[in-house]
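First comes the structure, then the notes that go with it.
Residue numbers (our numbering), protein chains in the order written: chain A, 1 to 376; chain B, 377 to 458; chain C, 459 to 869.
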């Protein structure tokens, strides 16, 4: 088979990050090919909670999530019904005084940077979310956060790219990324001016040496209980879980879908390659959840599943030129923020490709920052 | 064991032979809409054997109970979601 | 040897339990229903409706078997253990050998109006009536495909329903071949014929639409060039059966052609796990019974006794083959759904939305078809027939369970 293609950019990986990048490149007038071994949004995108959230773990993380959220707001009206965009907001829950202090620190951080927040005392918290247990000390409400259903969002961006002439090759596994082409397992190849590796947890397979590790997560979804929750709820201890570089950890994180179903997370494990559902991790995750929402115990759970996040050593994604390979760009390593930051990633990627002035500094995400490790 | 049991369907008493399922009691009460679907359609039992989940109603406060797999007990409170 | 666990208290499960117990194993039978009998003998434990049912209930009462009813198996935490949820909590079931006798469910095909209340499966309406629904004087159209339609029509009639007609999509020629195959089951067929005297049994006939405001009021049938409407209270419609292989798949048993693959001793691809009855492939009551017996004997190590039953099973398999060939679904049924006809009832996904996709996985992710409470048990048979898509791997819970059951499921 020698049906070969030539284009300006080939995007490897049709998850939400690849899809957003494809749409943005196509918008710039570049000819685009998207390649994926499977379907659109079948990787971490299918296991993402779809929480569009600002995070304050670092200035760089904040900048990227904030910028991305603004982009989501801009595209909001265009999103089809199936994307289920819902501006429900987040409440970060404080279980003790230490966490309240953390909530206040977050509140200051966000306020100073123009993010609307609202501190809630114990009573206000109970009024905002009656299903929460007694005894929680307070919380931080972030009304600008929202939720979506990621696979349909990924499809939306693929469709946008297609509408501008992008070609999409699904069910087409990539054998290798060469200097100027992507070779597919079916024997064909796609030559391109640039190649973008947005293959998430598979990205190191295609670009050896990439400092991306798989980080497994579990999810549970319940039947419909529309009155149970109004906001996405996250425990302030969440960051402790996301921070840990070694141990298996769980953190309370729950989302009301527009359907009324409750999506329950979250867990993090390194060094696990098995995609099977681990009953003991599931139990820990759910035990944590019912600590905050006792009524959750009796609710009907329909499905459990897992996914693999792509994690980098400094918890920031890799966006921009690879550094060593002139035509290779990266858009991967988004860990638990891929859904949110997909849009910011796409803009920054195009800025690096086209030499535009990026809307936010791009240095923190450039792959070259890990150059030493790349050489290793 | 008693020969019949009485349950309340949306507040209305229905007497059934012992061993009857709640789904039969609901239909006997003349209620055909057990629940509303995602798009608001009226729905009732389909499979009769507990795998379709169309027969879900609230039984003694527990939502999403499969009425075709729940035996009627005296005093049961059944609420449909019509 | 030791402990045998049987999942499913229908004919196959009861036969397996009986033979295993008779052979000295400690036997537990687990079933979601309140009493043993499965679908065909539902509610008959106290009052058998056939000589066969009576004989088998007597057999199981003559040996020591523990029955756990109202229990849904949902997870396997480790080899040799299953977890089941009851209304009280979670039960841990340990076994040395396991017999999966989880039976079959009806295949539903979507057509305009099929989601109206009072449109049910054929077995579905029968189950409702068996569990207390008064049907006397109600007008019922029975439709779809399979010998179940006749059994259901006869049963409903016996309970006072006005069975207006039976619409069977198979052709007269196919049915005639099956009729010949029923020679060994003449008495069954004969008694059904008697019970159904006066009821039209129409071949190459099917329902193309159900109508009504808020509930069923009438159906439109088609037969060749003829199209006509019939007013009715219930439509009992199912297109033959599909095996309930979900638990077997969770246990990593190989499934072939929609049924659990078993060897000559009914053992699946997983050691010490047996499959018996409709779950291995649709074949009717008598095949289910003999498969159950063989599985029970094999689980107890009584392989010679099991071999003694091979000829009976062989004969029943011939009948099963004829059965499945007779009631194959015609291509026209693929034209039944209109673009706006709902295919996935849990998520209200229409035919036209599904048609856009090229694989089950893509369709699921994009439309959520198959991701609702039924986990594809209702729409799965339809999408396989309409698009050729097969369901993928099964994860726990096999059936929806309370969150607290998932919590208590780990050590």
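We treat Cβ as the ideally placed atom computed from N, Cα and C, and that holds for glycine.
Closer than 8 Å at the beta carbon, the chain B residues around residue i
{"i": "residue 259 of chain A", "result": "414"}
{"i": "residue 298 of chain A", "result": "438"}
{"i": "residue 803 of chain C", "result": "413, 419, 422, 428 and 430"}
{"i": "residue 706 of chain C", "result": "Those within 8 Å of residue 706 of chain C in chain B number zero; the least Cβ separation is about 15 Å."}
For residue i: DSSP bridge partner residues
{"i": "residue 701 of chain C", "result": "C:562"}
{"i": "residue 663 of chain C", "result": "C:681"}
{"i": "residue 235 of chain A", "result": "A:93"}
{"i": "residue 329 of chain A", "result": "A:196 and A:321"}
{"i": "residue 597 of chain C", "result": "C:620"}
{"i": "residue 121 of chain A", "result": "A:138"}
{"i": "residue 626 of chain C", "result": "C:602"}
{"i": "residue 308 of chain A", "result": "A:216"}
{"i": "residue 412 of chain B", "result": "B:418"}
{"i": "residue 632 of chain C", "result": "Per DSSP, none; premise fails for residue 632 of chain C."}
{"i": "residue 393 of chain B", "result": "B:380"}
{"i": "residue 686 of chain C", "result": "C:679"}
{"i": "residue 669 of chain C", "result": "C:676"}
{"i": "residue 556 of chain C", "result": "C:463 and C:731"}
Residue i classed as buried or exposed, judged by whether at least 16 other C-beta atoms fall within 10 angstroms
{"i": "residue 537 of chain C", "result": "exposed"}
{"i": "residue 354 of chain A", "result": "exposed"}
{"i": "residue 467 of chain C", "result": "buried"}
{"i": "residue 442 of chain B", "result": "buried"}
{"i": "residue 500 of chain C", "result": "buried"}
{"i": "residue 689 of chain C", "result": "exposed"}
{"i": "residue 509 of chain C", "result": "exposed"}
{"i": "residue 147 of chain A", "result": "buried"}
{"i": "residue 1 of chain A", "result": "Low confidence applies to residue 1 of chain A: its pLDDT is 41, below 50, so where it sits in the model is not reliable, and the reading given next is rough at best. It counts as exposed."}
{"i": "residue 778 of chain C", "result": "buried"}
{"i": "residue 502 of chain C", "result": "buried"}
{"i": "residue 456 of chain B", "result": "buried"}
{"i": "residue 822 of chain C", "result": "buried"}
{"i": "residue 736 of chain C", "result": "buried"}
{"i": "residue 342 of chain A", "result": "buried"}
{"i": "residue 768 of chain C", "result": "exposed"}
{"i": "residue 522 of chain C", "result": "exposed"}
{"i": "residue 356 of chain A", "result": "exposed"}
{"i": "residue 66 of chain A", "result": "buried"}
{"i": "residue 795 of chain C", "result": "buried"}
Amino acids of chain B, ordered along the chain, whose beta-carbon sits closer than 9 Å to that of residue i
{"i": "residue 223 of chain A", "result": "429, 432, 439 and 440"}
Chain B residues whose Cβ lies nearer than 7 Å to that of residue i
{"i": "residue 668 of chain C", "result": "In chain order: nothing, as chain B lies at least about 12 Å away."}
{"i": "residue 675 of chain C", "result": "Here the premise fails: no neighbours, minimum Cβ distance about 11 Å."}
{"i": "residue 497 of chain C", "result": "425"}
Closer than 8 Å to chain E by CB, residue i
{"i": "residue 819 of chain C", "result": "The structure shown has no chain E; the protein chains it does contain are A, B and C."}
Proximal chain C residues relative to residue i, where beta-carbon distance stays under 7 Å
{"i": "residue 392 of chain B", "result": "590"}
Proximal residues of chain C, C-beta to C-beta of residue i below 8 Å
{"i": "residue 151 of chain A", "result": "823 and 824"}
{"i": "residue 408 of chain B", "result": "575, 576, 672 and 673"}
{"i": "residue 401 of chain B", "result": "590"}
{"i": "residue 389 of chain B", "result": "Chain C residues near residue 389 of chain B: none, gap ~15 Å exceeds 8 Å."}
{"i": "residue 287 of chain A", "result": "865"}
{"i": "residue 155 of chain A", "result": "824"}
Contact set between residue i and chain C, taken where Cβ atoms lie within less than 9 Å
{"i": "residue 451 of chain B", "result": "Per Cβ cutoff of 9 Å: no residues; residue 451 of chain B is ~16 Å from chain C at best."}
{"i": "residue 447 of chain B", "result": "492, 528 and 589"}
{"i": "residue 396 of chain B", "result": "589, 590 and 591"}
Within chain A, partners of residue i - CB distance below 8 Å
{"i": "residue 533 of chain C", "result": "279"}
- Task: Determine which residues of the region 588 to 607 of chain C have a Cβ less than 9 Å from any Cβ of chain B, and write them out in chain order.
- Result: 588, 589, 590, 591 and 592
- At a Cβ cut of 7 Å, what residues of the region 856 to 867 of chain C count as close to chain A, listed as they run along the chain? 858, 859, 860, 861, 862, 864, 865 and 867
- Query: Which residues, in chain order, does the region 89 to 121 of chain A contribute to contact with chain C at a C-beta distance below 9 Å?
  - Reply: none
- Item | Members of the region 42 to 55 of chain A near chain C, C-beta cut-off 7 Å | 42 and 46
- Message: So within the region 41 to 99 of chain A, which uninterrupted alpha helix (DSSP H) runs reach at least 4 residues, ignoring any that extend past its ends?
- Response: 59 to 75
- Message: Quick check for students: name the residue ranges of the alpha helix (DSSP H) that lie wholly in the region 693 to 746 of chain C, counting only runs of 4 or more.
- Response: Complete alpha helix (DSSP H) runs here, min 4: 704 to 708.
- Query: Just by C-beta distance, which residues in the region 827 to 855 of chain C are closer than 8 Å to chain A?
  - Reply: Taking 8 Å as the Cβ-Cβ cut-off against chain A, the residues of the region 827 to 855 of chain C that qualify are 829, 830, 831, 833, 853, 854 and 855.
- Item | Start-end ranges of the beta strand (DSSP E) lying completely within the region 243 to 282 of chain A, minimum 3 residues | Segments of the beta strand (DSSP E) lying fully in the region 243 to 282 of chain A: 249 to 256 and 261 to 268.
- Task: Enumerate, from N- to C-terminal direction, the unbroken beta strand (DSSP E) stretches of 3 or more residues contained entirely within the region 470 to 551 of chain C.
- Result: 484 to 488, 523 to 526, 530 to 536 and 539 to 543
- Can you list the beta strand (DSSP E) stretches of 3 or more residues lying completely in the region 130 to 184 of chain A, in chain order? 138 to 142, 167 to 169, 174 to 177 and 181 to 184
- Query: Could you give the uninterrupted runs of the beta strand (DSSP E) lying entirely in the region 739 to 825 of chain C, keeping only those of 3 residues or more?
  - Reply: 800 to 802
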